[in-house]
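**Q** Chains as they are written, first to last, in UniProt numbering: chain A, 1 to 387; chain B, 1 to 387; chain C, 1 to 387.
C-beta atoms are modelled at their ideal positions from N, C-alpha and C, and glycine is treated no differently.
Sharing a structure, written as structure tokens. Questions coming.
Here it is as structure tokens:
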């Protein structure tokens with residue numbers, strides 16, 4: 001078997017027309033990274049199956065024994081001509097003997113994506129660029145600019161306390177034409193429980209001055225973080241926020257998106273699409289914000305592949321309070337091209353099972369279900385990012 | 001089709017006797033508002049489908065594309081002689097051409113409610129009164145008194161720092177005979193993370209004095225809020241708390257009901273039924289409190305209709321830690337008579353699917369399931385409110 | 001019927017081989033208490049069905065009307081020769097006429113446990129000892145030492161501000177050979193939002209001195225609590241943490257395990273297994289920590305029997321982010337031998353339904369499902385506790 005039927009095994013009640021629609025729907029992956037282009041050992045590969053940890057996988061276990069590992073063994077071997085549920089060792093042996101381009105091509109083309117929207121702000125020298133993603137997959141790509149990364153580069157290259165505000169605004173505008181949106185990792189740097197009011201000029205100058213004097217490189221000053229978010233929002237292009245599930249350096253509970261209420265309520269934010277990424281385990285809270293604010297969107301991103309067969313419940317929970325025009329698809333795949341595929345496959349199956357069940361119960365009509373699948377799969381992102 | 005079979009499409013395993021019981025069970029709707037009596041535009045109607053937002057629905061979307069919108073299109077058109085899943089435009093055209101009394105009568109009578117317990121504390125001049133609700137539905141109504149509203153009226157009409165404590169107590173007792181309970185919206189005014197100890201006389205006097213001097217009308221002083229809650233609790237009538245899901249003016253995370261522990265543990269609260277309303281996404285926490293305190297009750301209120309086909313999962317999650325004698329039904333319908341119907345229909349279906357599944361698995365007996373449906377649907381509220 | 005088929009009523013898709021494996025799998029119950037050996041009234045029995053409350057069950061209800069009560073009536077009567085779903089009065093009449101040893105033997109032997117790991121730190125004079133548990137069940141037992149209990153005993157018997165650090169370390173080492181791990185109830189004493197850095201000698205001495213002078217017996221000083229946790233962790237034996245669901249004396253929200261991040265990140269913790277117990281409603285957060293830290297494990301403990309038929313959803317939610325090598329089984333049974341049985345039965349059924357559904361959907365292979373059941377049921381605990 002070289003081509004899986006990705007709708008195999010769904011409950012009997014799922015309407016065929018919905019399953020077929022979801023199996024072939026072109027997706028906009030509104031937040032994704034490149035896969036690692038450097039050589040990887042088996043240990044590197046296993047570590048890439050763990051988002052939270054920073055340590056090697058301990059000897060008593062394998063990271064393949066997880067929802068993500070099982071989903072990978074279910075869906076990825078068949079893209080390489082191996083049977084579903086191939087054992088980890090066998091999969092690794094086969095996969096690591098292939099050229100990376102071949103693996104990446106098989107996985108990325110299998111994702112059925114019409115556009116990759118790529119965050120290039122992390123480890124960009126070791127990961128495939130948007131251009132490379134486009135090449136191996138035959139799918140065009142767009143780019144997202146990470147705000148903290150831009151600010152750090154400006155400060156490292158001579159921006160001063162008095163020039164920083166202008167320098168940052170100019171750099172944003174200069175880069176704005178080349179990207180389709182911005183991203184902030186405030187969740188990692190300060191948490192969301194900061195004062196989100198727009199800093200005054202003097203306040204910002206003092207903060208930048210103090211930060212430069214401190215000699216630090218990692219930008220974690222709340223005044224500067226608030227400034228760069230407001231500056232980006234002024235351009236009315238989408239601003240993505242990392243929310244929830246990430247590595248253990250982050251205080252997860254301080255990334256509850258409800259802590260952004262003080263920012264979202266500010267009139268100056270109106271008109272700027274705010275995209276809350278991942279959100280687990282705060283995806284219900286994200287759905288609330290997407291109802292409460294015209295400009296708030298969200299996705300469940302990498303949680304889809306990390307929870308594997310639990311993605312059905314995750315997708316259902318993401319379909320509660322938010323209007324359907326405010327929910328997006330992303331894989332947030334990183335490091336392994338397998339993850340670019342898995343986000344897509346698991347989302348398609350979970351949507352088919354969730355929506356299909358509601359159609360079978362007579363609660364949704366079939367045309368509505370097909371339409372909503374399209375909105376979340378691509379329509380909303382096309383509108384938000386202009387792609 | 002003018003009369004829906006509200007149990008259509010449930011899973012095969014749901015016992016017929018349980019479905020029939022739930023289809024016709026008379027409900028006590030323990031927290032509900034009037035529907036809007038003023039003329040509504042299509043835009044007003046759409047906005048009323050959104051609890052969180054305060055802005056018009058943006059042009060790029062319709063609020064009908066949501067779980068609530070789909071549930072409305074599934075269950076409400078059939079009450080007006082239209083097919084299930086009627087398109088939004090067609091529904092609006094038909095519905096808006098009918099007299100409001102006819103629409104309200106069709107929806108409210110379809111809810112199968114034996115008593116409306118009505119919160120009249122919000123926009124009462126633009127919404128149907130308890131008497132009007134009773135008239136159009138043929139169902140008697142009772143009233144709930146909103147504490148902050150009473151306090152604000154007293155202060156606006158000459159109550160002073162020295163007289164307020166007595167004035168409030170007298171007014172409560174004077175109104176107490178006409179109502180079946182009280183309600184606090186402390187969640188909106190202060191959040192629950194305040195000092196809930198009973199204010200001393202001097203402390204209260206100082207707070208009232210400062211508040212009068214401030215010239216504000218909206219009561220948000222934590223000392224005064226704590227006082228009015230304690231004063232109401234002293235009467236041993238039920239006190240309802242808005243908890244969780246509401247509009248974006250509220251800090252949702254500061255309405256986690258666990259933040260009420262400091263209040264609930266006070267010996268002077270014993271004997272006063274405390275009803276936690278709505279609670280989403282903190283309904284599991286509410287269920288915990290309903291187990292931990294003899295006098296705590298809760299419902300999932302408006303979350304039922306807002307999450308639409310996800311109400312099954314919501315109801316299941318509300319049936320975890322709480323003893324079944326501590327769970328109530330409410331619709332928390334507001335503005336649209338459609339919501340008075342939807343709370344009822346979705347609750348009946350969700351209960352049938354949840355309890356029916358457990359009976360089918362042999363985990364619950366059928367008589368127990370029927371009995372628990374009755375406790376939550378009406379028995380517990382009859383006992384708590386004496387109706 | 002005297003022997004139930006504990007897999008009766010599962011969905012049709014659950015593979016027989018998985019159900020059979022789970023029906024007979026020997027379990028390590030990694031956190032359990034003794035049942036009460038003193039005479040119990042019906043009122044005592046009902047109160048033991050409520051974890052959160054400290055008051056008698058009110059007259060208007062019975063605690064049997066709960067998920068736990070229904071699960072008990074489903075699974076326990078059949079162990080005593082009565083039909084499933086026997087009414088509460090009838091069950092109590094029959095059960096209370098039997099010798100406790102007979103009831104306990106029937107329940108504990110039905111749990112299919114290969115080892116009890118017993119927390120003897122609470123009410124140990126009124127509950128069955130590890131030896132008694134072993135005797136009535138025919139299953140060996142091991143012991144867990146409660147840290148706060150040990151510290152309190154030392155301080156009550158003459159340990160001083162200057163000797164406490166050494167006294168505690170010596171006592172730990174002296175007891176360490178006889179136990180397989182330690183437990184902290186910091187959740188009850190201080191909450192997790194304390195400074196978890198290791199106290200210096202002078203800081204600890206000052207804290208102990210102040211505490212001795214205060215004349216208190218209940219240890220709730222955050223410096224001393226932090227010290228005893230660090231001291232136990234130094235021995236590299238497992239340290240269990242009470243997390244989440246407990247009685248109302250605890251600030252539940254201050255036991256969110258994410259508040260332990262400051263402790264878990266400390267390099268000196270590496271190599272010490274940390275077991276997060278119960279965790280409800282923060283089990284998703286616990287799963288995150290189990291992914292993020294090599295040494296973090298968790299179970300859902302007493303939540304299994306308290307949520308009864310909702311244990312399927314609970315188990316599914318516990319199988320999201322955590323690698324399968326990091327999830328354990330426990331009953332956390334206390335007071336009633338019925339609970340020793342129910343944890344086991346509900347876990348077996350929930351695992352069969354959850355994993356069986358994923359196998360039926362083709363997402364997991366059957367051998368993987370059988371293997372993971374074994375890891376969680378006994379393999380992981382055998383490794384962590386060396387039993």
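(1) At least one CB of chain C closer than 7 Å to the CB of residue 390 (chain A): is that the case?
(2) Going straight from the alpha carbon of residue 68 (chain A) to that of residue 342 (chain A), what length do you get?
(3) I need the straight-line Cα distance from residue 58 (chain B) to residue 294 (chain A), nearest angstrom please.
(4) Smallest Cα separation from residue 148 (chain B): which of B:286, B:299, B:220?
(5) So is residue 41 (chain A) buried or exposed if we call it buried at 16+ other beta carbons inside 10 Å?
(6) Which value, in whole angstroms, describes the spacing of the CA atoms of residue 369 (chain B) and residue 86 (chain C)?
(7) Taking its Cβ as the centre, do 16 or more other Cβ atoms sit within 10 Å of residue 267 (chain B), making it buried, or is it exposed?
(8) Kindly give me the distance between the Cβ atoms of residue 299 (chain C) and residue 31 (chain C), rounded to whole angstroms, as I take these residues to be in contact under 8 Å.
(9) Nearest to residue 337 (chain B) by CA position, among B:53, B:101, B:90, is which residue?
(10) Classify residue 8 (chain B) as buried or exposed, calling it buried when 16 or more other Cβ atoms lie within 10 Å of its own Cβ.
(11) If we ignore side chains and look at the alpha-carbon of each, how far apart do residue 373 (chain B) and residue 310 (chain B) end up?
(12) On the CB-based measure, 16 or more other CB atoms within 10 Å of its CB, does residue 50 (chain A) come out buried or exposed?
(13) Give a yes or no on whether the C-beta atoms belonging to residue 199 (chain B) and residue 227 (chain B) are separated by under 7 Å.
(14) Any beta carbon from chain C within less than 7 Å of residue 399 (chain B)'s own beta carbon?
(15) Measure the CB-CB distance between residue 36 (chain B) and residue 127 (chain B) and report whether it falls below 7 Å.
(16) Who pairs with residue 298 (chain C) in a beta bridge, going by DSSP?
(17) Following the continuous beta strand (DSSP E) through residue 175 (chain A), name the residue where it begins and the one where it ends.
(18) For residue 136 (chain C) versus residue 169 (chain C), is the C-beta distance shorter than 7 Å?
(19) So within the UniProt domain "Amidohydrolase-related" (228-386) of chain C, which uninterrupted beta strand (DSSP E) runs reach at least 3 residues, ignoring any that extend past its ends?
(20) State the beta-bridge partners of residue 35 (chain A) as determined by DSSP.
(21) Below 8 Å, how does it come out for the stretch 350-366 of chain B and the stretch 13-20 of chain B: are there three or more Cβ pairs, yes or no?
(22) Per DSSP, residue 144 (chain C) is paired with what?
(23) Between residue 10 (chain B) and residue 19 (chain B), which are expected to be in contact by the criterion C-beta below 8 Å, what is the C-beta distance as a whole number of angstroms?
(24) Following the continuous alpha helix (DSSP H) through residue 135 (chain A), name the residue where it begins and the one where it ends.
(25) Going by the DSSP bridge assignment, what does residue 103 (chain B) pair with across the sheet?
(26) Once DSSP output is grouped into helix, strand and coil, what is the label at residue 29 (chain A)?
(27) Could you tell me if residue 232 (chain C) is buried or exposed, where buried requires 16 or more neighbouring beta carbons within 10 angstroms of its beta carbon?
(28) Under three-state DSSP, which class holds residue 113 (chain A)?
(29) List the endpoints of the continuous alpha helix (DSSP H) containing residue 208 (chain B).
(30) List, in order along the chain, the chain A residues whose C-beta lies closer than 8 Å to that of residue 281 (chain B)?
(31) How should residue 384 (chain A) be labelled, buried or exposed, when 16 other C-beta atoms within 10 angstroms of its C-beta is the threshold for buried?
(32) Using a beta-carbon distance cut-off of less than 9 Å, what residues from the stretch 303-328 of chain C approach chain A?
(33) Could you tell me which chain C residues have their CB closer than 8 Å to the CB of residue 167 (chain A), listed as they occur along the chain?
(34) Inspect the beta-carbon positions of residue 323 (chain C) and residue 286 (chain C) and report whether they are closer than 7 Å.
(35) If residue 292 (chain C) and residue 52 (chain A) are in contact, beta carbons under 8 Å, what's the gap, nearest whole angstrom?
(36) Since I believe residue 89 (chain A) is in contact with residue 261 (chain C) (beta carbons under 8 Å), could you give me their beta-carbon distance rounded to a whole number of angstroms?
**A** Taking the structure as given:
(1) What the structure shows of chain A is the stretch from 1 to 387, and residue 390 (chain A) is not part of that stretch, so it cannot be assessed.
(2) Residue 68 (chain A) sits at position 68 when you count from the first residue of the first chain. Residue 342 (chain A) sits at position 342 when you count from the first residue of the first chain. Take the alpha-carbon of residue 68 (chain A) and the one of residue 342 (chain A): they are about 9 Å apart.
(3) Start at 1 with the first residue of the second chain, and residue 58 (chain B) comes out as number 58. Start at 1 with the first residue of the first chain, and residue 294 (chain A) comes out as number 294. Separation of residue 58 (chain B) and residue 294 (chain A) (C-alpha to C-alpha, rounded to the nearest whole angstrom) is 7 Å.
(4) Position 148 of the second chain, counting from 1, holds the residue named residue 148 (chain B). When only C-alpha atoms are compared, the closest one is B:220.
(5) One-based indexing of the first chain puts residue 41 (chain A) at position 41. Only exposed fits residue 41 (chain A), as fewer than 16 other CB atoms lie within 10 angstroms of its CB.
(6) The residue you call residue 369 (chain B) lines up with position 369 of the second chain. The residue you call residue 86 (chain C) lines up with position 86 of the third chain. Spanning the two alpha carbons is a distance of roughly 14 Å.
(7) Here residue 267 (chain B) corresponds to residue number 267 of the second chain, with the count starting at 1. Exposed, by the Cβ-count rule.
(8) Taking the first residue of the third chain as 1, we reach residue 299 (chain C) at position 299. Taking the first residue of the third chain as 1, we reach residue 31 (chain C) at position 31. Between the beta-carbon of residue 299 (chain C) and that of residue 31 (chain C) there is about 7 Å, and that keeps the pair under the 8 Å contact cut.
(9) Translated into the one-based positions of the second chain, residue 337 (chain B) becomes position 337. It is B:101.
(10) Here the question's residue 8 (chain B) lines up with position 8 in the second chain. Classification for residue 8 (chain B): exposed.
(11) The residue you call residue 373 (chain B) lines up with position 373 of the second chain. The residue you call residue 310 (chain B) lines up with position 310 of the second chain. Each residue's alpha carbon lies about 19 Å from the other.
(12) Here the question's residue 50 (chain A) lines up with position 50 in the first chain. Buried: at least 16 other Cβ atoms inside 10 Å.
(13) For the purposes of this step, residue 199 (chain B) is taken as the residue at position 199 of the second chain. For the purposes of this step, residue 227 (chain B) is taken as the residue at position 227 of the second chain. Closer than 7 Å, so yes.
(14) Absent from the model: residue 399 (chain B). The displayed extent of chain B is 1 to 387, so no value can be given.
(15) In the second chain, counting from the first residue as 1, residue 36 (chain B) sits at position 36. In the second chain, counting from the first residue as 1, residue 127 (chain B) sits at position 127. Cβ distance < 7 Å, so residue 36 (chain B) and residue 127 (chain B) count as in contact.
(16) Mapped onto the third chain, residue 298 (chain C) falls at position 298. According to DSSP, residue 298 (chain C) bridges with C:276, C:327.
(17) Here residue 175 (chain A) refers to the residue found at position 175 of the first chain. Per DSSP, residue 175 (chain A) belongs to no beta strand (DSSP E); it is in the alpha helix (DSSP H), 164-176.
(18) On the third chain, position 136 is the one that residue 136 (chain C) refers to. On the third chain, position 169 is the one that residue 169 (chain C) refers to. Here residue 136 (chain C) is not near residue 169 (chain C), since their CB atoms are 7 Å or more apart.
(19) 239-243, 274-278, 296-298, all fully within the UniProt domain "Amidohydrolase-related" (228-386) of chain C.
(20) Along the first chain, read from residue 1 onward, the residue named residue 35 (chain A) stands at position 35. Residue 35 (chain A) is bridged to A:335.
(21) Yes, the stretch 350-366 of chain B touches the stretch 13-20 of chain B.
(22) Here residue 144 (chain C) corresponds to residue number 144 of the third chain, with the count starting at 1. Paired residue(s): C:119, C:181.
(23) By one-based count along the second chain, residue 10 (chain B) stands at place 10. By one-based count along the second chain, residue 19 (chain B) stands at place 19. In this structure residue 10 (chain B) is in contact with residue 19 (chain B), their Cβ atoms being roughly 6 Å apart against a cut-off of 8 Å.
(24) Working through the first chain from its first residue, we reach residue 135 (chain A) at position 135. Looking at the DSSP string, the run of the alpha helix (DSSP H) that includes residue 135 (chain A) is 130-137.
(25) In the second chain, counting from the first residue as 1, residue 103 (chain B) sits at position 103. Per DSSP, none; premise fails for residue 103 (chain B).
(26) Numbered from 1 along the first chain, position 29 holds the residue referred to as residue 29 (chain A). The answer is strand: DSSP assigns residue 29 (chain A) an E or B state.
(27) Translated into positions along the third chain, residue 232 (chain C) becomes position 232. Residue 232 (chain C) should be labelled buried.
(28) Here the question's residue 113 (chain A) lines up with position 113 in the first chain. If DSSP states are grouped into helix, strand and coil, residue 113 (chain A) belongs with the strands.
(29) Here residue 208 (chain B) refers to the residue found at position 208 of the second chain. Run containing residue 208 (chain B): 201-214, per the alpha helix (DSSP H) assignment.
(30) Here residue 281 (chain B) is taken as the residue at index 281 of the second chain, counted from 1. What residue 281 (chain B) touches in chain A: 284, 285, 288.
(31) Counting from one through the first chain, the residue named residue 384 (chain A) turns up at place 384. The C-beta of residue 384 (chain A) has 16 or more other C-beta atoms within 10 Å across all chains shown, which makes the residue buried.
(32) Against chain A - using a Cβ distance shorter than 9 Å - the residues of the stretch 303-328 of chain C are 313, 316, 317, 319, 320, 321, 322, 323, 324, 325, 326.
(33) Mapped onto the first chain, residue 167 (chain A) falls at position 167. What residue 167 (chain A) touches in chain C: nothing, since even the nearest Cβ is about 35 Å away.
(34) Counted from its first residue, the third chain places residue 323 (chain C) at position 323. Counted from its first residue, the third chain places residue 286 (chain C) at position 286. Cβ atoms of residue 323 (chain C) and residue 286 (chain C): not closer than 7 Å.
(35) Residue numbering aside, residue 292 (chain C) sits at position 292 when the third chain is read from its first letter. Residue numbering aside, residue 52 (chain A) sits at position 52 when the first chain is read from its first letter. Right, the Cβ-Cβ distance comes to about 3 Å (below 8 Å), so this counts as a contact.
(36) If you number the third chain from 1, residue 261 (chain C) lands on position 261. If you number the first chain from 1, residue 89 (chain A) lands on position 89. Going by Cβ atoms, the distance from residue 261 (chain C) to residue 89 (chain A) rounds to 34 Å, so no, they are not a contact pair.
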